[in-house]
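Written out below as structure tokens is the structure these notes cover.
Residue numbers (the working numbering): 7 to 190.
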């Protein structure tokens, strides 16, 4: 995780239910976009961290939300940085074509929440925030771009869950500088 002057960072989780298995030729255009889009995220202003499966370049092999569901979990310095990446880069083309590869969601598939700077959210934490959004609607604890809250408004919800069990597949896309006391 990179160092930052911000006291809180924005975490995001989005989930997508594949229409076809990840190795199916109908999903190949999506798979071909993964490396360039992830590289763009890694180099984007305000990017902090993203979930990556151990030994892989992305997290598409992880299936914590179901066999056909892929997850994208990342942390950004600000909501504006995430917005700029999502809607002002090549990522937008992936979003425009998402119906080619993913089922239409009938419930929330994206959740945002604030974390203390240096905290790496777990997949369990992220799925719990998504469940909270689905069950209770937007709040300072779990929200969307359309119903956002500032870090100050969410300050009481900046709790950190206990560390994940050993072997959880997650790593930083950018190395943590040695001696970075802000990193968890």
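Note that beta-carbon positions come from the ideal geometry of N, C-alpha and C, so glycine has one too.
Selected residue, minimal CA-CA separation from residue i, among the options
i	options	result
residue 88	147, 44 and 146	44
residue 26	35, 118 and 114	35
residue 162	55, 120 and 99	120
residue 12	77, 125 and 129	125
residue 155	112, 86 and 127	86
residue 41	51, 66 and 23	66
residue 57	128, 141 and 140	128
residue 114	30, 132, 76 and 139	139
residue 144	160, 131 and 130	160
residue 19	122, 31, 49 and 71	71
residue 131	111, 112, 164 and 110	164
residue 93	50, 54 and 109	50
Nearest-angstrom beta carbon gap, residue j and residue i [assumed within contact, 8 Å]
i	j	result
residue 14	residue 157	4 Å
residue 28	residue 37	7 Å
residue 39	residue 100	5 Å
N-terminal and C-terminal residue of the alpha helix (DSSP H) that residue i is part of
i	result
residue 18	Taken as a continuous stretch (DSSP letters only), residue 18 belongs to no alpha helix (DSSP H), being part of the beta strand (DSSP E) at 14-23.
residue 81	Where residue 81 is concerned, there is no enclosing alpha helix (DSSP H), although the beta strand (DSSP E) it sits in stretches over 75-82.
residue 43	34-49
residue 86	85-94
residue 131	129-142
residue 110	Run containing residue 110: none; DSSP gives neither H nor E here.
residue 69	That residue, residue 69, is in no alpha helix (DSSP H); it is neither H nor E in DSSP.
residue 102	97-102
Element boundaries [beta strand (DSSP E), containing residue i]
i	result
residue 53	53-56
residue 118	116-122
Own chain partners of residue i with C-beta closer than 8 Å, once the 5 adjacent residues on each side are dropped
i	result
residue 46	91, 95, 96 and 97
residue 142	148
residue 33	24, 25, 26, 27 and 107
residue 68	57, 59, 76, 77, 129 and 175
Cutoff 7 Å; reference residue i; Cβ partners in own chain excluding five residues on either side
i	result
residue 134	none
residue 169	With a pLDDT of 48 at residue 169, under the threshold of 50, the predicted position of this residue should be treated as unreliable, and no value is reported.
residue 74	23 and 24
residue 109	23 and 25
Cβ neighbours of residue i in the same chain (closer than 6 Å, five flanking residues each side left out)
i	result
residue 52	82, 83, 84 and 87
residue 176	Because residue 176 sits at a pLDDT of 40, beneath the cut-off of 50, its placement in the model cannot be relied upon, and the point is left open.
residue 117	19, 135, 136, 139 and 148
residue 17	81, 119, 121 and 127
is_contact[residue i, chain B] using C-beta, thresh 8 Å
i	result
residue 79	No chain B appears in the structure shown, which is made up of a single protein chain.
Kindly confirm or deny that the segment 74-82 and the segment 95-104 touch, where touching means at least three C-beta pairs closer than 8 Å.
-> no
Counting Cβ pairs closer than 8 Å, one from the segment 139-153 and one from the segment 56-75, do we hit at least three?
-> no
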